[in-house]
Structures are given as structure tokens and as C-alpha cells.
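First residue of the sequence shown? That's 0 in numbering that gives the first Met the number 0, and the numbers climb one at a time after it.
By construction, the Cβ of each residue, glycine as well, lies at the ideal position given by its N, Cα and C atoms.
Read through the structure below, which is laid out as C-alpha cells, and then see the notes.
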Amino acid sequence: MTPNKKSNTGFLLVIGVVLVAGGGALWATMQNKPKPMELPANAPAMKAEGYLRGNPDAPVTIVEFADFECPGCGQFATLQGPDIKARIVDAGLANFRFYDFPLTSIHQNTLFAHLAAACANDQGKFWEMHDQLFANQPEWSTAATSNPRKIIDPLATSIGLDMAKYNSCMDAQTHLARIQANAAEGQQRGVNSTPTIIIGNKMYARPMTFDQVKAIVDSLVAAAPAAPAAVTPAADTTKK
Numbered sequence: 000m001t002p003n004k005k006s007n008t009g010f011l012l013v014i015g016v017v018l019v020a021g022g023g024a025l026w027a028t029m030q031n032k033p034k035p036m037e038l039p040a041n042a043p044a045m046k047a048e049g050y051l052r053g054n055p056d057a058p059v060t061i062v063e064f065a066d067f068e069c070p071g072c073g074q075f076a077t078l079q080g081p082d083i084k085a086r087i088v089d090a091g092l093a094n095f096r097f098y099d100f101p102l103t104s105i106h107q108n109t110l111f112a113h114l115a116a117a118c119a120n121d122q123g124k125f126w127e128m129h130d131q132l133f134a135n136q137p138e139w140s141t142a143a144t145s146n147p148r149k150i151i152d153p154l155a156t157s158i159g160l161d162m163a164k165y166n167s168c169m170d171a172q173t174h175l176a177r178i179q180a181n182a183a184e185g186q187q188r189g190v191n192s193t194p195t196i197i198i199g200n201k202m203y204a205r206p207m208t209f210d211q212v213k214a215i216v217d218s219l220v221a222a223a224p225a226a227p228a229a230v231t232p233a234a235d236t237t238k239k
């Protein structure tokens, strides 16, 4: 599990601010190590959305606040994720919503991964990139490289993204505000470690096994009000 990280002010996300003449925050390269930029203080706030997998009308929602470089998040995604998808989400028992919660003070490469997943989402492939990032976490993590895009960009190629659109999105850091909004949502809910799982009205600040998740979902599904029975139209007796 990733160590707790608490913050009373600001966002968790800024790992570098590049100031240039005129006061603009622009993309910069330092020794081939691009530094994510900070949004201007007057940038409009965005609503946290997360990324949804499954039927939006499912009776239960499983929420995860996660950091792509967090080892515990990687284990949860690779070990429990396939069963949760196949036996809970695809079965219609619950949907799953992932929120960005990058702990950039201890994971210097994580924001690049969150940006890559958001750019993949533009092409309808968030979950494919999500799975690739976690499966290959040891190769692009801070301990492995100071240039995470060297590892992450080929993952985008492997899932069939239009690389011109992807690179444009990454270079402009198009979805930084979205990531910040998701992280702010976690802060507002009291999240201070990753992975944090929320099911129903209960928060679990630890990795969970599939059996634990399934038992909670089953109990909530059983307690949910039954859907109203379909009404069969009365037969028309006026026709002969």
C-alpha cells in the first residue's frame, strides 16, 4: 500500500512549474524530461467525473481512487481487476468508476501515466491503457526511469491509438484539469492513501480481495429495492 499522503492546501498533482517570460505556463523540456505544468490560478474548475466501466444504471457503484505508480493499486488492478470486471461488472451487479489520485510527492512519474490514460480515453481506450500502465508499472516507475514517456508511449501504440492525436494530447497536457478535479474529489471525501475503495457508503483505505468486494456488492444488491414489474398492456377487445 502506498504510504499516507495528506494535504491541507492545494492539489496533490504539481510536480513541476515552468515559468516563462510573460507569466505563461508552457510545456518545457529539461534534459529530455518533460515537466508537467500547473494550471493558472484563475483556470475554471472542472467537475470530477472519473472513468466508468459497466452499466451506468447498475444497482451498485464501486469507486476507486488510485495512483498509477502505487504498487498496491497495481496489485489490485492486475490480481483482482479481471475477476471484478468479469464476475461483477460484466454480470451487471455493479459498475466501476476510477478516479485519478496521483501522489506526485512520492511518485514523480505518475502524472505522465494519468495524462496518458486520459488521452487514451479521448479515443475510447481508457481501460486498455489503464490495464497496460499497471501491467508495466515496474518499467516506467520512478525507480526505473527518469523519462517515463519512453516506456509509456509505446504502450499507447500497442493498444492501437492514433499516435498523432495521442502525442498532441500529451504534449499539450490537455487533461491536467480533469486529473486535478478527480484528485480534489478524493480530498473532499477524505481520501489520503491509495488504493481507496468506496462501495455504497463505506470507504476501504486498503487493497481488497475479489471475495471481499463480491461479498459487499452482493449484500448491497440484495438490499436494493426490487425493480418495478413490467406492466402488460390490456388486450384490445374492441377489434374483431
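- Judged by beta-carbon spacing, F100 lies within the 8 Å limit of F64, meaning their Cβ atoms are closer than that value.
- The beta carbon of S140 sits closer than 7 Å to those of E68, N108, all from its chain and outside the five residues before and after it, given in chain order.
- Q187 counts as exposed, since fewer than 16 other C-beta atoms from the protein chains shown sit within 10 angstroms of its C-beta.
- DSSP places N200 outside both helix and strand once states are collapsed to three, so it counts as coil.
- For R52, the enclosing beta strand (DSSP E) stretches over residues 50-52.
- Pairing M207 with Q79 gives a Cβ-Cβ distance under 8 Å.
- Look at T60 here: in three-state DSSP terms it is strand.
- Taking C-beta separations shorter than 7 Å and ignoring five residues to either side along the sequence, the partners of V88 in its chain run R52, G53, N94, F95, following chain order.
- Taking F209 as the centre and dropping the five residues before and after it, the same chain places the C-beta of Q79, D82, I83 closer than 7 Å to its C-beta, in chain order.
- Within the model, the alpha-carbon separation for I151 versus A115 is close to 8 Å.
- Going by beta carbons, A119 and I61 fall outside the 8 Å limit.
- Excluding sequence positions up to five before and after E127, its CB lies within less than 6 Å of the CB of I158, all in the same chain and listed in chain order.
- Two segments are said to touch when three or more pairs of C-beta atoms, one from each, lie closer than 8 Å; by this definition the stretch 161-173 does not touch the stretch 127-138.
- With a contact defined as Cβ atoms closer than 8 Å, Q122 and L92 miss out at about 28 Å.
- Between R177 and A117 the beta-carbon gap is near 6 Å, inside 8 Å, which marks them as a contact.
- If you keep only unbroken beta strand (DSSP E) runs of at least 3 residues inside the stretch 151-202, you get 195-198.
- In this structure P55 is exposed. Its beta-carbon is surrounded by fewer than 16 other beta-carbon atoms within 10 angstroms.
- Residue pairing by DSSP leaves D121 without any beta bridge partner.
- Taking C-beta atoms under 8 Å as the contact rule, F111 and R148 qualify, at a distance of about 6 Å.
- Taking 8 Å as the cut-off, the beta carbon of A47 is found no closer than this to the beta carbon of E138.
- D210: member of the alpha helix (DSSP H) spanning 209-222, first to last residue.
- Per DSSP, D82 is not a residue of any beta strand (DSSP E); the alpha helix (DSSP H) it occupies stretches across 80-83.
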